[in-house]
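In our numbering, the protein residues as written are 1133 to 1228.
Shown next, in structure tokens, is the structure this report addresses.
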């Protein structure tokens, strides 16, 4: 399975896991709304783990959920991937 590489070099964020970068890279390459099941099949990760990470990305503003069970990249996520959002904003978003 191909791995999705984020086009722009983004700074590492301490709370983002490797799968989070795969998820963000997938959404950067595919401007779609999709479920964790479909997303997991496309990035070759376990569906339950992808679902858990999508929830984390959602709660921290990098994804949005236009409909229950479906996700898409948020404006904050797009800005982060484009290097337009300071990494401290993303670091501070982690509300654990």
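Virtual Cβ for every residue (Gly too), placed ideally from N, Cα, C.
Because the structure is a prediction, the values reported are computed rather than measured.
Here residue 1203 carries a strand assignment [DSSP, helix/strand/coil]. Across the set 1187, 1152, 1183, 1192, the C-alpha of 1192 shows the shortest separation from the C-alpha of residue 1221. When secondary structure is reduced to three states using DSSP, residue 1143 falls in the coil class, being assigned neither helix nor strand. Across the structure, residue 1148 and residue 1200 are spaced so that their CA atoms are roughly 23 Å apart. DSSP lists 1204 as the bridge partner or partners of residue 1196.
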